[in-house]
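Written out below as structure tokens is the structure these notes cover.
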Amino acid sequence: MTLLQSLAMNEPLEIDNAQAVVSRKVLWFAVCYPTVLTVLYFMVLDGTSTVVQGMVFGIGKTIQFGLPAWIVLRANKERLGAHRLRAAGVSMGVLFGLLAVALIVGIYQWILKPNVAIMSLLDEQVTSKVEGFQLKSVAAYTALAVFYCLIHSGMEEYYWRWFVFKRFLRHRSLGQAIAISSIGFMAHHVIVLGMFFGFENWMTYVFSIGVAIGGAAWAWLYSRSGNLYSAWISHAFVDAAIFWVGYDILFQ
272 MTLLQSLAMN EPLEIDNAQA VVSRKVLWFA VCYPTVLTVL YFMVLDGTST
322 VVQGMVFGIG KTIQFGLPAW IVLRANKERL GAHRLRAAGV SMGVLFGLLA
372 VALIVGIYQW ILKPNVAIMS LLDEQVTSKV EGFQLKSVAA YTALAVFYCL
422 IHSGMEEYYW RWFVFKRFLR HRSLGQAIAI SSIGFMAHHV IVLGMFFGFE
472 NWMTYVFSIG VAIGGAAWAW LYSRSGNLYS AWISHAFVDA AIFWVGYDIL
522 FQ
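Residue numbering for the sequence shown follows my numbering, starting at 272 and increasing by one per position.
Have a look at this one:
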């Protein structure tokens, strides 16, 4: 099976011997690395020049997303090949994505937005972060949203579901692989949300649990359909809902 065919197949996920070479040490490194990079960027380098932060973050992200491709293409000798998009797994992803969007929008509209104290905090934090990234205009914010929804969501699915989750299936049960990959996926979001809301704020941990649940759902979806597109599309819907909330806070 070729690399791209394994990304896009539409049958229950199976692992063959060509994909079984990734060691436990490499996989545990892959689980922990994004959190270490996030701590370095948001906490250790906090207050340093944006040039230094940008260089460290860029190099760190290159390592994160380059490692799986190097291992699979070079160490495992898997080849790139043609593939085609199929519909069954995608429909499951769209359904879960729409349900998640409804939940996010509902929580925002009927729980968070009516609360003056919460909205004051959200407005302050979102505005501060957006100004720090020079995203004051609608066009700049929209460009970032499009990148995260269409590209970054796919990169995270490639890393967490296709690489970490799928390769852990050679060493762990389905439930354990889902738990490990989803907790790892959540861990670096705890840091991001903690820097955003504060580590003493309940929203940091409630939203982090939501991230873990989403990661578990996408891993299960991938295991059921064998099609990474299903998780990718679902993830894109969730990111779109989050950016819509940010847009409503900033520009409405």
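Yeah, the Cβ is synthetic: ideal placement off N, Cα and C, and Gly gets one too.
Item, Value
"Rounded straight-line distance, which links the Cα of Val315 to that of Ser479", "21 Å"
"Simplified DSSP assignment, three categories, for Phe478", "helix"
"Through-space distance from Ala502 to Ala353, alpha-carbon basis", "Confidence at Ala353 is low in this model, with a pLDDT of 40, below 50, so the placement of that residue should be treated as unreliable; the coordinate-derived value is given next. Going by the C-alpha atoms only, they are around 20 Å apart."
"Contact set for Gly517: own chain, Cβ-Cβ below 7 Å, skip 5 residues either direction", "Val397"
"Segment limits, alpha helix (DSSP H) that includes Gln324", "321-341"
"For Gly425 and Trp489, the rounded distance between their alpha carbons", "12 Å"
"DSSP-derived helix/strand/coil call for Gln523", "coil"
"At least three beta-carbon pairs within less than 8 Å, the region 413-420 to the region 382-400", "no"
"Backbone CA spacing between Ile462 and Val302 [nearest angstrom]", "15 Å"
"Euclidean distance between Cα positions of Leu338 and Ser294", "13 Å"
"Three-state secondary structure assigned by DSSP to Ala487", "helix"
"Contact set for Val310: own chain, Cβ-Cβ below 7 Å, skip 5 residues either direction", "Ile462"
"Cβ pair Ser452, Gly368 closer than 7 Å", "no"
"Residue burial classification, Val509 (beta-carbon count within 10 angstroms, cutoff 16)", "buried"
"Cβ-based burial, Met326 [other Cβ within 10 Å; buried from 16]", "exposed"
"CB of Phe439 within 7 Å of CB of Ala448, strictly", "yes"
"Extent of the continuous alpha helix (DSSP H) run through Lys296", "295-310"
"Distance between Ala450 and Ala487 (C-alpha atoms, nearest Å)", "7 Å"
"Straight-line Cα distance separating Leu308 from Gly331", "7 Å"
"Close-in-space but distant-in-sequence residues of the same chain around Val372 (CB under 8 Å, 5 per side omitted)", "Phe508, Val509, Ala511, Ala512"
"Val365 Cβ short of 6 Å to the ligand GTP heavy atom set", "The ligand GTP is absent from the structure shown, which contains no ligands of any kind."
"Nonlocal neighbours in the same chain, by C-beta distance under 7 Å from Gln335, ignoring five residues either side", "Tyr304, Pro305, Leu308, Tyr430"
"Thr475 versus Glu427 - alpha carbon distance", "20 Å"
"Span of the alpha helix (DSSP H) around Ser453", "445-468"
"Where Asp510 falls: helix, strand or coil (DSSP)", "helix"
"When Ala340, Gln523, Met457, Trp515 are compared against Ile484, the one with the closest alpha-carbon", "Met457"
"Distance, Leu383 Cα to Ile389 Cα", "6 Å"
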